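Just below is one structure, and these are the notes that go with it.
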Amino acid sequence: LLWFVCKPINFLTKTLSGMASGSIAVCIGTPFDIALVRLQADSMAPEKERRNYKNVFDALFRTTTEEGVGALFKGLLPNILRGMAMNVGMLACYDQAKEVTARVLNDPMTDGPSLPTKLGSAAIAGFTAAFFSLPFDLVKSRLMNQKPDVDTGKLPYRGVMDCAVKIAQREGPLGFYGGFAAYYGRCAPHAMIILLSIESITSFYRKMLS
20 LLWFVCKPIN
30 FLTKTLSGMA
40 SGSIAVCIGT
50 PFDIALVRLQ
60 ADSMAPEKER
70 RNYKNVFDAL
80 FRTTTEEGVG
90 ALFKGLLPNI
100 LRGMAMNVGM
110 LACYDQAKEV
120 TARVLNDPMT
130 DGPSLPTKLG
140 SAAIAGFTAA
150 FFSLPFDLVK
160 SRLMNQKPDV
170 DTGKLPYRGV
180 MDCAVKIAQR
190 EGPLGFYGGF
200 AAYYGRCAPH
210 AMIILLSIES
220 ITSFYRKMLS
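Just so you know, we're using this note's numbering here: the sequence shown kicks off at 20 and counts up by one.
Written out as structure tokens, the structure is:
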């Protein structure tokens, strides 16, 4: 990544850029994330506890009419933190991983990184993205899918910190990383497709300018 004067962008700038873009994207996509989480949870819940949404649009409409517009943004804070962590782990760490991978593979990168370097770096970036973001993803999912207690009418969690503390107390620190292998299996292809696409688009753009 370069400034207009071809000055290399430092890691801090990459990190802040990733955090900003991740938070903006999450603010736009959170209502659909709410619908996704609820539709998935509905299919696994006992029949009496199901919301029985017909589709994603029905989930969005009923959530709004039954619980208010604010319900579409439940778990927004941990979702923003997840998006920021995901982008930092994927975008900011990719360039650093590329330098390390190039040294390991003896890739001089004179004409840009080789395909093995790109693939290895993208796989590492997928791992860091999953490792950084999974705890926030877990908290987000718990908050989005929580229901009031039948007897007391109270929600299981009061907020982000309360949810995180209760997970740590009941499940231990490793509770935040339950299902990491499956989560990485989701993040790695996502990261590799995005990062390899960025490399190709950037390379094409530079050739056009030159």
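Backbone N, C-alpha and C define an ideal beta-carbon position, used for all residues, glycine too. None of these values were measured; they are calculated from a predicted model.
Cβ-based burial, residue i [other Cβ within 10 Å; buried from 16]
{"i": "Y224", "result": "exposed"}
{"i": "N98", "result": "buried"}
{"i": "E218", "result": "buried"}
{"i": "K33", "result": "buried"}
{"i": "D130", "result": "exposed"}
{"i": "I28", "result": "exposed"}
{"i": "K166", "result": "exposed"}
{"i": "R101", "result": "buried"}
{"i": "G37", "result": "buried"}
{"i": "M180", "result": "exposed"}
Spatial distance of residue i from residue j (CA atoms)
{"i": "N74", "j": "N164", "result": "16 Å"}
{"i": "I47", "j": "F92", "result": "10 Å"}
{"i": "R70", "j": "A141", "result": "39 Å"}
{"i": "L153", "j": "L193", "result": "11 Å"}
{"i": "S160", "j": "V56", "result": "7 Å"}
{"i": "I220", "j": "V169", "result": "53 Å"}
{"i": "F23", "j": "L228", "result": "Per-residue confidence for F23 stands at a pLDDT of 46, beneath the threshold of 50, marking its modelled position as unreliable; the derived number appears in the next sentence. Taking the straight line joining both Cα atoms gives about 12 Å."}
{"i": "S40", "j": "F51", "result": "18 Å"}
{"i": "L110", "j": "G94", "result": "24 Å"}
{"i": "L214", "j": "Y203", "result": "16 Å"}
{"i": "L174", "j": "E68", "result": "15 Å"}
{"i": "V123", "j": "Q115", "result": "13 Å"}
{"i": "P132", "j": "K117", "result": "8 Å"}
{"i": "T171", "j": "V107", "result": "40 Å"}
Residues bridged to residue i (per DSSP)
{"i": "T129", "result": "G131"}
The alpha helix (DSSP H) enclosing residue i, as first and last residue numbers
{"i": "I186", "result": "179-190"}
{"i": "Q165", "result": "Per DSSP, Q165 belongs to no alpha helix (DSSP H) and is neither H nor E."}
{"i": "F223", "result": "199-228"}
{"i": "K117", "result": "112-123"}
{"i": "R57", "result": "30-63"}
{"i": "M103", "result": "95-106"}
{"i": "T83", "result": "75-86"}
Integer-rounded CB distance, given that residue j should sit under 8 Å from residue i
{"i": "T120", "j": "G139", "result": "4 Å"}
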